[in-house]
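S.K.:
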Amino acid sequence: MSATYVGRFAPSPSGPLHLGSLYIAVASYLAAKANSGTWFVRLEDIDEPRCQPGADTLILDTLAAHGLQSDLPIVYQAQRKSLYGDYLSRLEQNNKVYACTCTRADIKRRSPYYQGRCRQQQVNTSQPFALRFKNVMQPTEQHPVLSVNDEDIIIKRKDGFFAYNFVVVCDDIEQGVTEVVRGNDLADTQYIQTVIRNEFNEPALDFVHLPVLVSSPGQKLSKQNHAPAVNNQLAKENLLNVFTLLGIHLPPSVQKLSVPELLHAAIRAWPARITNNQHEIIVR
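The UniProt record's numbering puts the last residue of the sequence shown at 284; the count rises by one with no breaks.
(1) So, for Phe200: in the same chain, excluding its five sequence neighbours on each side, which residues have a beta-carbon less than 8 Å away from its beta-carbon?
(2) Excluding sequence positions up to five away, which residues of its chain have a Cβ less than 6 Å from the Cβ of Val180?
(3) Please classify Ile282: is it buried, with 16 or more other beta-carbons within 10 angstroms of its beta-carbon, or exposed?
(4) For the segment 225-233 against the segment 184-203, do three or more pairs of beta-carbon atoms, one drawn from each stretch, fall closer than 8 Å, so that the two count as touching?
(5) Short check: CB of Ser14 to CB of Arg50, under 9 Å?
(6) Within 10 angstroms of its Cβ, does Arg8 collect 16 or more other Cβ (buried), or is it exposed?
(7) By a C-beta neighbour count over all protein chains shown, 10 Å radius and 16 as the cutoff for buried, is Lys256 buried or exposed?
(8) Can you tell me which of the three DSSP states Gly20 falls into?
(9) What are the boundary residues of the beta strand (DSSP E) that includes Ile154?
(10) Tell me whether the beta-carbon of Val6 lies closer than 9 Å to the beta-carbon of Gly116.
(11) Can you tell me whether DSSP reads Met1 as helix, strand or coil?
(12) For the alpha helix (DSSP H) containing Gly85, name the first residue and the last one.
(13) Alpha carbon to alpha carbon, how far is Asp152 from Tyr114? Give it in angstroms, no decimals.
(14) Express the C-alpha separation of Arg119 and Ile107 in angstroms, rounding to a whole number.
(15) Taking the beta carbon of Pro211 as the centre, do at least 16 other beta carbons fall within 10 Å, making it buried, or is it exposed?
(16) Using CA atoms only, rank isn't needed, just tell me which of Gly160, Ile267 and Pro16 is closest to Gln127.
(17) In three-state terms, what does DSSP make of Thr189?
(18) Return yes when the Cβ of Leu19 is within less than 9 Å of the Cβ of Gln230, no when it is not.
(19) Which residues bound the alpha helix (DSSP H) around Ala266?
(20) I need the boundaries of the beta strand (DSSP E) containing Tyr164, first residue and last residue.
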């Protein structure tokens, strides 16, 4: 990896950080620093109804308590709507976007996947509509969409909010991200995000997908599943726990180190490439 490495941690401010999100934050930080790169924090608050007031402060406080300082100013997606509008205009100019009035019930009634029903017809835009991105595949009766990767994904929702898979691509392009370290629960989005990047003539990113932390098989640690918030008073213990989950085994003497010293030790021990093929790791 070159010295131009740029990585990021991009949580949604829908609540405080839990162990699963701290695990990803630490991994992305270590990967960037081990490659002499830049690491920054982006708050993905584009889905504003899901965000909790004050959650951004809680997240940033937890990161700071664990020595994870962003190298760049903190970016909020909700403040970048004009940027996303510019990117949307570029797609519209290239005829890569169309209006869609289909509901989830409509789609489910016809097929497991969206078959591009509105792609070839004029829809009534006096009713609520979403904007869809024309994917590489153009479905036909003989060759229907058989995978979520081939769907024409929504890039702007009926409620007027830009969709995650679109804005994350815009942000990663604008911020020069070169590698994304995240949980493998997001691995399915890699393909469509790469397709959208390609539409803007941007090279594909490198992705590292880590095992998801679960409380029991299939039960991901998440805000929706009421995972407890990280205790900032136990930063050293939390970091050592995360290091173990990441397969970084440091000598017992590190117990005496400060938080910054622990991070430096973990950076030196960071592997050239993560090869953990587990889908999930159970934590108690």
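We put the beta carbon where it would ideally sit given N, CA and C, even for glycine.
Bear in mind the structure is a predicted one, so any value in this text is a computation, not a measurement.
M.R.: In short, the structure shows the following:
(1) When the five nearest sequence neighbours on each side are left out, the beta carbons in the same chain lying within less than 8 Å of the beta carbon of Phe200 are those of Tyr87, Arg90, Val169 and Ile173, in order along the chain.
(2) Counting only Cβ-Cβ distances below 6 Å, and skipping sequence neighbours, we find Leu205 and Phe207.
(3) Counting Cβ neighbours within 10 Å, Ile282 comes out exposed, since fewer than 16 surround it.
(4) The segment 225-233 is not in contact with the segment 184-203.
(5) Taking the C-beta atoms as reference points, Arg50 is found nearer than 9 Å to Ser14.
(6) It is buried - the Cβ of Arg8 has at least 16 other Cβ atoms within 10 Å.
(7) Exposed, by the Cβ-count rule.
(8) In the structure shown, Gly20 sits in a helix (DSSP, three-state: H, G or I).
(9) That run of the beta strand (DSSP E) goes Ile154 to Lys156.
(10) Taking 9 Å as the cut-off, the beta carbon of Val6 is found no closer than this to the beta carbon of Gly116.
(11) Per-residue confidence for Met1 stands at a pLDDT of 46, beneath the threshold of 50, marking its modelled position as unreliable; no derived number is given.
(12) Where Gly85 is concerned, the enclosing alpha helix (DSSP H) stretches over Lys81 to Gln93.
(13) Cα to Cα, the separation comes out at about 7 Å.
(14) In this structure, the alpha-carbon of Ile107 lies about 14 Å from that of Arg119.
(15) Its Cβ being crowded by 16 or more others within 10 Å, Pro211 is buried.
(16) In terms of CA proximity to Gln127, Gly160 leads the group Gly160, Ile267 and Pro16.
(17) Three-state DSSP puts Thr189 in a helix.
(18) In the sequence under discussion, the amino acid at residue 230 is Val, which differs from the Gln named in the question. Cβ distance < 9 Å, so Val230 and Leu19 count as in contact.
(19) For Ala266, the enclosing alpha helix (DSSP H) begins and ends at Val259 to Ala269.
(20) Premise fails: Tyr164 lies in the alpha helix (DSSP H), Tyr164 to Glu174, not in any beta strand (DSSP E).
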